[in-house]
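I have placed the structure first, in the form of structure tokens, so that the comments after it can refer back to it.
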Amino acid sequence: MDLSKLNTAQRASVTAGDGAHRVIAGAGTGKTRTLVHRVAWLIEQGVPPESVVLLTFTRRAAREMLQRASRQVGARAHGVRGGTFHGFAHRTLRRHAEQVGRTPQFTVLDQSDAEELVGMARTALGLGGRGRRRFPRSKALLNMFGRATNLGMSLDEAVVSFNPRFERDIADIVRVRTAYETRKASQDALDFDDLLIYLGRLLAKHPPARKEISGRCRHVLVDEYQDVNRLQARIACLLSVVHGNLMVVGDEAQSIYAFRGASVDHILDFATLFPTAPTTVLTHNYRSTTPVLELANGVLDSMHSSIDKELVSCVGDGPMPRLIKVEDDERQADHVVCRVLALREEGVGLDEQAVLARSGHQLVSLELALARANIPYRKYGGLRITEAAHVKDVLALLRAAINPADVLAWMRILPFCENVGRTTAQRIAEARAKGDRSPLSAMTRRKAPELDQLETLLSELSTLIKDAQQAFLAAVEGIRPWLDRRYDDAADRALELESLLSLVDRYSDVPALISELALDPPQRAEAVQTEDDELLTLSTVHSAKGLEWRAVYVLGLADGAFPSGFSIDDPEAMEEERRLLYVAVTRAKRHLDMMQPRFVSRRSGPVFAPSCSLLDDIPGLWDRVVSGAGASAEDDEEADEGIAADVEDRLARFADYFGD
DNA sequence: TGAGTTGTTCTTTTT
DNA sequence: GAACAACTCA
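So in my numbering, the last one in the first sequence is 1420, and the numbering has no gaps at all.
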């Protein structure tokens, strides 16, 4: 194996001996490369690949790393167990299901399943109703439960510290959670948080299970350690408790998941847990030019926390980052489209360019503009295919076929049939969950002949569970007549379902399909086949973590957009916004355009955004960026027209309001 | 009891 | 723009 291309610090991490080890790796300093070589080196030293566990933030990251490691040491690298904490927990719990009160066939609830189940528990307890004072919605409730578990605090504490306005409702909130737990147990399901909780509990409280599970983890490597929460940090430690080999890699300046309980404390306090553990710091940046890093360092300087490291470029000089003021979303989109095409002319391919935004919906106007300009793109952090209603329908069919206790699935598919509504669906679902196998059509009061069709379809599906592709095909065929009635764009949806078939063949059987899709739902864009191999990337900043492009555009640098309106009054949240900006700008290798609109779009319409506090707080901003030419003269004319249109618009509203 | 309509509220980032 | 509750009518 060739270690000569690594620098001293990287090599030290790669060839570190046994024990605990921490690597602090600034953006672009070859963190992934180091991990990849570490894995390869371990294998070359004779460590059995299946005793190495590589925990990453996304499954994509794990796949990529193992691919690269296999270039070093061959196919053996694929024997390494890798994936997300949730994926690892899922696989482990399948083997220990009985110990956590489930069967090995348990279902994994994704976010929306969990929300629905909380909603059912909530209404069943009579906590809906609007006559009474406001009670949190199911989404908010699930959020509270998640906060509590991921931070390792009680639900009471979590409500008091994060949702004090619901303090008076704590008793009821606790009741909902108890009911939710009961429902999950009775339908043999675990939600995302449960996967971590139960694995944590198993490791902490069942010594034989711990011995078995951790015994198989000779080396544990954790990527993006700055984004683990308390529960995940605990799991990482417990997994390595038998052999004592734990390597964590991260960058405290890139911690961007506080909203789900992540805390930099875990990487910062590593030395408290492992006093003798060495720390390696990677500081040489191989990704970006000096001007890009000057700006990144400026963002670091604007942070209040004491992150004390400057990135030094090993790439050299390049063009200055540009700050471009535009009028609004549309002008912003137009500018990006022009610039993307211009750079492409200069030889920067579409696949070397990316547009990043704070939230997914900020990309919408750009998508329209790209479509008009015929620029092919791929969007990350947008809709997942499993969020599409018709996909959920098909999956619900399959779920009901493999697990009759899956009340959520029944509640989704039963009302397809004419004369079956919520009430009937609920009655049937609960009866089935209790083991009642009488024919569906015998369980209603009204006549619902379509229930017989449904029953036939389900029994057909249950004979196909060993073959994910066949079963999916049959489910799509079976659901087609109902699609027409449910959706006015049924034809498009049917087409999309057919195109998903190619995606399904990577899963072995139906249970695998269901749980893998819940844990790692493909982006909707990924599912659609395109002939273009050169695609522009659109992404949220969160989903761009760990990636890099030659040219990067950061959208919506204005208070209310980036930073998010939710963060502006909260110093802690603003600190996270700064880290997000840091992540965004450090994705760029060479070209960086930051867009600052004067108006940001809200539901209620455009809102004037006088400034961007994130930029204002960067010391010496104007030494670090140049003011970009917003647009050509002819574009300015259009901008004037845009403003004139605004004035007209306002005048019309005034006239409306004052009753001219 | 199902089906369809209207009004209110909240609106981010992901496994 | 979606989720949810409350309403109406058959």
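All residues carry an ideal CB built from backbone N, CA and C; glycine is no exception.
Keep in mind it's a predicted model, so treat the numbers as computed, not measured.
Take the Cβ of Leu-1315 as the centre, count every other Cβ of all protein chains shown within 10 Å, and call the residue buried at 16 or more, exposed below. So Leu-1315 ends up on the buried side.
May I have the straight-line CA-CA distance separating Pro-1271 from Ile-1145, to the nearest angstrom? Between Pro-1271 and Ile-1145, the alpha-carbon positions lie close to 18 Å from each other.
Taking Ala-1231 as the reference, give the member of Ala-1208, Glu-1106, Ala-1156 and Glu-1256 with the closest Cα. It is Ala-1156 whose Cα lies nearest to the Cα of Ala-1231.
Starting from Asp-1089, trace the alpha helix (DSSP H) both ways and give me its first and last residue. It spans 1089-1105 - the alpha helix (DSSP H) in which Asp-1089 sits, taken as one unbroken run.
To which residues of the same chain is Ser-773 closer than 6 Å at the C-beta, ignoring the five residues directly before and after it? Val-783, Thr-794 and Thr-1040
Do the CB positions of Asn-923 and Arg-1020 come within less than 8 Å of each other? Taking 8 Å as the Cβ cut-off, Asn-923 and Arg-1020 do not qualify as a contacting pair.
Residues of its chain near Ser-811, where Cβ-Cβ distance is below 8 Å and the 5 sequence neighbours each way are ignored: Arg-976, Cys-977, Arg-978 and His-979
Report, in whole angstroms, the separation of the C-beta atoms of Leu-1174 and Ala-1185, which I expect to be a contact under 8 Å. 4 Å
Going by CA-CA distance only, name the one from Ala-964, Tyr-1017 and Thr-863 that's closest to Ser-946. Thr-863
Along the chain, where does the beta strand (DSSP E) that runs through Thr-1297 open and close? 1296-1300
Any beta strand (DSSP E) of 3 or more consecutive residues that is wholly inside the region 788-825: 812-815
What does the Cβ neighbour count give for Asp-1196, buried or exposed, with the cut at 16 atoms within 10 Å? Exposed.
Helix, strand or coil at Arg-1206 [DSSP, three-state]: coil
Give me the DSSP bridge partner(s) of Ile-784. Here Ile-784 is bridged, per DSSP, to Gly-1010 and Val-1041.
Spatial neighbours of Phe-1030 within its chain, please: CB distance less than 7 Å, with the 5 preceding and 5 following residues excluded, ordered by chain position. So the list reads Arg-782, Val-1008 and Ala-1037, once near-sequence residues are dropped.
Length-filtered (4 minimum) alpha helix (DSSP H) runs lying within the region 1191-1272: 1210-1222, 1228-1246 and 1250-1264
Specify the secondary structure class of Tyr-1313 as computed by DSSP and reduced to three states. DSSP places Tyr-1313 in strand when its eight states are reduced to three.
Here's a check: name, in chain order, each residue in its chain whose Cβ is nearer than 7 Å to the Cβ of Gly-912, leaving out the five neighbours to either side. Arg-990 and Leu-991
Tell me the DSSP secondary structure of His-1351 in three-state form. Under the three-state reduction of DSSP output, His-1351 falls in the strand class.
Alpha-carbon spacing of Met-1171 relative to Glu-1012, whole angstroms: 44 Å
Looking only at its chain, what residues have a beta carbon closer than 8 Å to the beta carbon of Leu-1459, apart from the 5 residues adjacent to it on each side? Residue 1459 cannot be examined here, being either before or after the span of the chain that is shown, 761 to 1420.
Starting from the Cα of Arg-1159, find the closest Cα among Gln-865, Arg-836, Gln-770 and His-846 and give me that residue. Gln-865
To the nearest angstrom, report how far apart Ala-780 and Gly-1004 are at their CA atoms. 7 Å
Contact belief for Pro-1282 with Leu-1257 at Cβ below 8 Å, rounded distance in angstroms: In fact, because the Cβ distance is near 14 Å, the residues do not count as touching under 8 Å.
Measure the CB-CB distance between Ala-1022 and Asp-1077 and report whether it falls below 8 Å. no
Classify Phe-1322 as helix, strand or coil using the three-state DSSP reduction. coil
Quick one: what does DSSP say Asn-1134 is sitting in, helix, strand or coil? coil
C-beta contact flag for Arg-1384 and Glu-1054 at 8 Å: yes
Quick check on the DSSP output: the beta strand (DSSP E) that includes Phe-1359 runs from which residue to which? 1359-1362 is the span of the beta strand (DSSP E), which, as asked, contains Phe-1359.
Distance check for His-1026 and Pro-1035, CA to CA, integer angstroms please. 14 Å
Helix, strand or coil for Leu-763, going by three-state DSSP, please let me know. coil
Checking the sheet assignment: what are the DSSP bridge partners for Gly-843? Leu-815
Within 10 angstroms of its Cβ, does Thr-1183 collect 16 or more other Cβ (buried), or is it exposed? Looking at its Cβ environment, which holds fewer than 16 other Cβ atoms inside 10 Å, Thr-1183 is exposed.
Residue span of the alpha helix (DSSP H) that contains His-1150, given as start and end: 1149-1162
Identify which residue in Phe-1368, Asp-951 and Ala-1333 has its Cα closest to the Cα of Val-878. Asp-951
With respect to the beta strand (DSSP E) encompassing Ala-1117, which residues constitute its N-terminal and C-terminal limits? 1113-1117
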